[in-house]
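All residue numbers for the sequence shown refer to my numbering, where the first residue is 250 and numbers rise by one.
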Amino acid sequence: MHEMAVAESILHTILEQAERLGGARPIAARISCGQFNALNDETMQFAFESISEGTLCEGMRLEIVHIPLRARCRQCRATFAFDVYRPMCPECEHAEFDFQPDAPLLLEDIEFQDPSE
Ligand SMILES: [Zn+2]
Numbered sequence: 250m251h252e253m254a255v256a257e258s259i260l261h262t263i264l265e266q267a268e269r270l271g272g273a274r275p276i277a278a279r280i281s282c283g284q285f286n287a288l289n290d291e292t293m294q295f296a297f298e299s300i301s302e303g304t305l306c307e308g309m310r311l312e313i314v315h316i317p318l319r320a321r322c323r324q325c326r327a328t329f330a331f332d333v334y335r336p337m338c339p340e341c342e343h344a345e346f347d348f349q350p351d352a353p354l355l356l357e358d359i360e361f362q363d364p365s366e
C-alpha cells in the first residue's frame, strides 16, 4: 500500500510549510497523480486521517486529482487522453501510438487558514 508512504511524505511537507509560515493551520491540500502511481482515494484519505491525528493537519481536506495517461498518434501526431476502452487515436482512429510520460505524484497546493480568521 503506497498510500501510507505518500501520506507520510505529504504530512511531513505540509507540516514543514506550516512551520515556515509561523504555525499557520493547513485546511486543505490538493495532490495529483498519474495512472501508474495512482492513489486510491479512500485508502489515501484514511491513511492521511490516521497519521495526521494530533498534528496541525488533523481534519484537513485532501483532494486527489487523477491525471489521465496521454498518448501521441504515430500517424497524425495528435495527442490524446488514453482510453483503455477505445485504444485508438480519436482524430484518425489509427491504433498505433506512443505513450507520453505518466504524470508524477505531486503535492500541488496547500491552503492555509487566514491568520486573521
Ligand atoms: Zn491520429
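Backbone N, C-alpha and C fix where the C-beta goes; we use that ideal spot for every residue, glycine too.
With a CB to CB cut of under 8 Å and the five nearest residues on each side skipped, what residues in its chain are close to Gln349?
-> Counted from its first residue, the sequence shown places residue 349 at position 100. Leaving aside the five residues that flank Gln349 on each side, the residues in its chain whose CB is nearer than 8 Å to its CB run, in chain order, Leu318, Arg319, Ala320, Arg321, Thr328.
Is Gln324 near ligand 1, going by C-beta to nearest heavy atom under 7 Å?
-> The residue you call residue 324 lines up with position 75 of the sequence shown. Yes; taking the cut-off as 7 Å, the Cβ of Gln324 has a heavy atom of ligand 1 nearer than that.
Identify the continuous alpha helix (DSSP H) that holds Val255 and give its terminal residues.
-> By 1-based counting over the sequence shown, the position of residue 255 is 6. Looking at the DSSP string, the run of the alpha helix (DSSP H) that includes Val255 is 251-269.
Between Leu264 and Cys306, is the Cβ-Cβ spacing less than 8 Å?
-> Within the sequence shown, the letter at position 15 stands for residue 264. Within the sequence shown, the letter at position 57 stands for residue 306. Contact check for Leu264 against Cys306 passes: the beta carbons are separated by less than 8 Å.
Boundaries (first-last residue) of the beta strand (DSSP E) holding Glu312 = Residue mapping note: residue 312 aligns to position 63 of the sequence shown, counting from 1. Where Glu312 is concerned, the enclosing beta strand (DSSP E) stretches over 310-315.
Assuming Val314 contacts Arg279 under a Cβ cut-off of 8 Å, what Cβ separation, rounded to an integer in Å, is found between them?
-> Sequence index remark: in the sequence shown, residue 314 carries index 65 (1-based). Sequence index remark: in the sequence shown, residue 279 carries index 30 (1-based). Between Arg279 and Val314 the Cβ distance is about 6 Å, and since that is below 8 Å, they are a contact.
Taking only runs that begin and end inside the region 281-355, name each unbroken alpha helix (DSSP H) of 4 or more residues, in chain order.
-> For the region 281-355, whole alpha helix (DSSP H) runs of length 4 or above, ordered along the chain, are 290-301.
The region 294-306 touching the region 259-273, judged by at least three CB pairs closer than 8 Å | Touching, yes.
How about Ala352 and Cys282: are their beta carbons less than 8 Å apart?
-> In the sequence shown, counting from the first residue as 1, residue 352 sits at position 103. In the sequence shown, counting from the first residue as 1, residue 282 sits at position 33. Going by beta carbons, Ala352 and Cys282 fall inside the 8 Å limit.
Taking the CB atoms as reference points, tell me whether Leu270 and Phe361 lie closer together than 8 Å.
-> As a working mapping, residue 270 is identified with position 21 in the sequence shown. As a working mapping, residue 361 is identified with position 112 in the sequence shown. It is a contact, given that the beta carbons lie within the stated cut-off.
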